[in-house]
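As numbered in the numbering used here, the sequence shown has no gaps in its residue numbers, which increase by one up to the final residue, 990.
So the structure is just underneath, and the comments pick up after that.
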Amino acid sequence: MYRFFAISVIIIVTSILIRCRQEGSPDILIFTVPVTVEEVMRGDIASYISQTGSIMPMAEMPIISEVGGEIHFQSSNDKMLNVGDRVEKDQLIATITNEEYELSIGLESRKMALDNARRDLEQKQGFLKIGGSTQREVDNAKQSLLNAENSHKSALLNLDKMNIKSPMSGVLTELTSFEEGQKISNGTQIGKAERFDRVKCLINVTSGDIEKVWEGQEVLVTNITTDKSVYAGRVTKVSPTLDPTTRTAQVEIEIDNPGLRLRSGLYVKVEIVVEKRRNVITIPKHVIITRNNRDVVFVVEDQVAKEREVLIGLKDSEYAEIIEGLNEGDQLNFPRFAVKYPITITMVFLGIVLLGYVSLRELGTDLLPDVASPKIVIRIEAGEVPPEEMEKNYTQRVESFVSTLNKVKRVSSSSMIGISMITVEFMWDTDMDF
């Protein structure tokens with residue numbers, strides 16, 4: 557993997573070096589431009605439909621008190637529950653005390669009625685054997701027992717409403733702060749539980765790409781907010797209709813979430829795998845140069861870098877498949893000058909400042925790194941020299957020479973006591989081979 561960065565080279569020239577410059581210097585300074593040569597190899601590549609979206613829980617449910625009264629939160633392993641704690645379905649979160657509500661349930665009287673109904677049925681069944689009761693009386697006793705059982709169960713259910721439980725297994729993502737014993741009304745939401753063992757993400761896919769998406773399709777999800785970790789996912793739903801305003805279709809993706817590291821609201825990059833090709837020739841995209849509507853690379857032949865046209869297949873964020881133009885084992889020349897050679901750049905401008913001139917007219921800007929906006933800052937220090945002398949003796953001389961170089965866009969400078977700062981900005985276009 558090759559990465560290129562914008563750099564700012566700061567050259568500090570002490571008064572000792574300046575004196576060396578005044579004593580004499582060579583007429584010309586020659587630089588060797590290092591290049592990178594890599595053997596063309598085979599690899600795997602895939603094309604993607606890329607979008608961004610936010611993580612959502614697979615399921616979420618509010619935790620609501622069905623009864624009003626005084627609230628008392630429960631502890632788990634001798635610790636009070638907090639946001640972020642895992643909870644199981646029906647785990648006790650808090651209890652409600654409400655004596656008036658308990659009395660209205662009448663649990664004790666319903667328990668007594670249930671016991672009486674059981675005894676009455678037993679007696680009727682015993683009398684039936686000796687002719688002391690009729691079958692109708694036994695059937696009525698059975699019905700009375702069934703009614704008593706249902707009444708008792710209803711009382712227990714109503715009493716259990718005083719226990720506030722988690723409606724699902726998951727993670728506590730909200731927990732309202734109440735004082736111990738604070739009175740709340742029925743229907744008050746005291747928190748929320750969310751499921752995070754698997755999460756989902758909704759994205760909008762354009763009308764031109766939606767035909768390439770189907771349920772079960774492989775998806776790669778990258779956490780771009782924190783550690784750039786990649787998670788596996790699958791397309792689970794594809795909307796059959798397009799939004800009339802955006803002309804996009806909504807796609808739902810389920811994502812494995814080991815360690816519960818993906819949380820609700822996290823911003824992620826979603827890459828739906830459209831096509832995969834294995835064991836094909838791939839090269840970094842940045843070495844491909846477009847010239848006259850042709851894609852070309854440089855291949856080393858007999859120690860000379862020669863241009864060769866290539867036919868590109870699949871592309872991902874960093875690599876491109878080469879269908880025609882390259883063979884496995886070819887020596888690919890990476891002509892771009894990377895930031896891993898900053899010393900050469902530094903030497904060039906030391907030569908400008910210390911030696912008076914360098915034969916750079918032939919080199920143009922080939923020594924520049926591959927950056928979006930090339931810029932080099934030259935700093936000259938010379939003791940207590942007044943600004944006017946700094947300008948005359950150093951700044952103007954460097955400016956006049958640098959302005960003659962190929963592809964120089966802008967030269968700006970400032971001088972003060974003992975210090976000159978010269979900023980050199982270079983043009984950037986597709987015809988520049990680095």
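Every residue, glycine too, gets a C-beta built ideally from N, C-alpha and C.
### Query
Can you give, in chain order, each stretch of the beta strand (DSSP E) that sits fully within the region 673 to 758 and has at least 3 residues?
Fully enclosed beta strand (DSSP E) runs of 3 or longer: 719 to 721 and 726 to 731.
### Query
For S707, which residues of its own chain have a beta-carbon under 6 Å away from its beta-carbon, when the five flanking residues on both sides are left out?
Answer for S707: R666, listed in chain order.
### Task
Report yes if the C-beta distance between A615 and I720 is below 8 Å; otherwise report no.
Using a Cβ distance threshold of 8 Å, A615 and I720 do not count as a contacting pair.
### Task
Return the chain-ordered list of same chain residues with a C-beta closer than 7 Å to the C-beta of M972, the five sequence neighbours on each side being excluded.
Answer for M972: P943, listed in chain order.
### Query
Exposed or buried, which one is D946 when buried takes at least 16 other CB atoms within 10 Å?
Sequence check: residue 946 is Met here, not Asp. It is buried - the Cβ of M946 has at least 16 other Cβ atoms within 10 Å.
#### Entry: Nearest residue (CA-CA) to L532, options N883, V860, V856 and A861
Given a span of 557 to 990 for the chain in the structure shown, any question on residue 532 remains unanswerable.
### Message
List, from N- to C-terminal side, the beta strand (DSSP E) runs of 3 residues or more that fit wholly inside the region 610 to 643.
### Response
Entirely contained in the region 610 to 643, the beta strand (DSSP E) runs reaching 3 residues are, in chain order, 625 to 629.
### Message
Measuring alpha carbon to alpha carbon, tell me which residue in S970, M636, T653 and E678 is nearest V694.
### Response
Relative to V694, the option among S970, M636, T653 and E678 whose CA is nearest is E678.
### Message
Does the contact criterion of 3 or more C-beta pairs under 8 Å hold for the region 640 to 658 versus the region 771 to 780?
### Response
Contact between the region 640 to 658 and the region 771 to 780 is absent: fewer than 3 CB-CB pairs across the two stretches fall below 8 Å.
### Task
Sort out for me which residues DSSP pairs S606 with in a bridge.
Under DSSP, the beta-bridge partners assigned to S606 are E827.
### Reference I620, options V755, G662 and P723, closest by Cα
A check of alpha carbon separations from I620 across V755, G662 and P723 identifies P723 as the nearest.
### Task
Check whether the region 838 to 854 touches the region 813 to 828, counting contact only when three or more Cβ pairs, one atom from each stretch, lie closer than 8 Å.
Segments in contact, no.
### Query
Taking the C-alpha atoms as reference points, what is the distance between S970 and K871?
Computed Cα separation, rounded: 46 Å.
### Query
Between T979, P613, T732 and V593, which lies nearest to V809 when the distance is taken from Cα to Cα?
Here the sequence assigns Ile to residue 809, which means Val is not the residue at that position. Among T979, P613, T732 and V593, the Cα nearest to that of I809 belongs to P613.
### Close Cβ partners of A704 (< 6 Å) along its chain, the five nearest in sequence each way excluded
Excluding sequence neighbours, A704 sits near A669, L670 and A673.
### Exposure label - Q738; buried when at least 16 CB within 10 Å
So Q738 ends up on the exposed side.
#### Entry: Inter-residue CB distance, N889 and V593 (contact presumed, cutoff 8 Å)
About 6 Å; that satisfies the 8 Å criterion.
### Query
Looking at C-beta atoms only, is the number of pairs between the region 683 to 701 and the region 738 to 751 that lie closer than 8 Å three or more?
With a cut-off of 8 Å on Cβ pairs, the region 683 to 701 is not in contact with the region 738 to 751, counting fewer than three such pairs.
### Message
On a Cα-Cα basis, can you pick out the residue from G625, D676 and Q647 that is closest to T653?
### Response
Considering only alpha carbons, the answer is G625.
#### Entry: Other residues of its chain near R754: CB distance less than 8 Å, five sequence neighbours each side excluded
Only M614, E810, I811, D812 and N813 meet the Cβ criterion.
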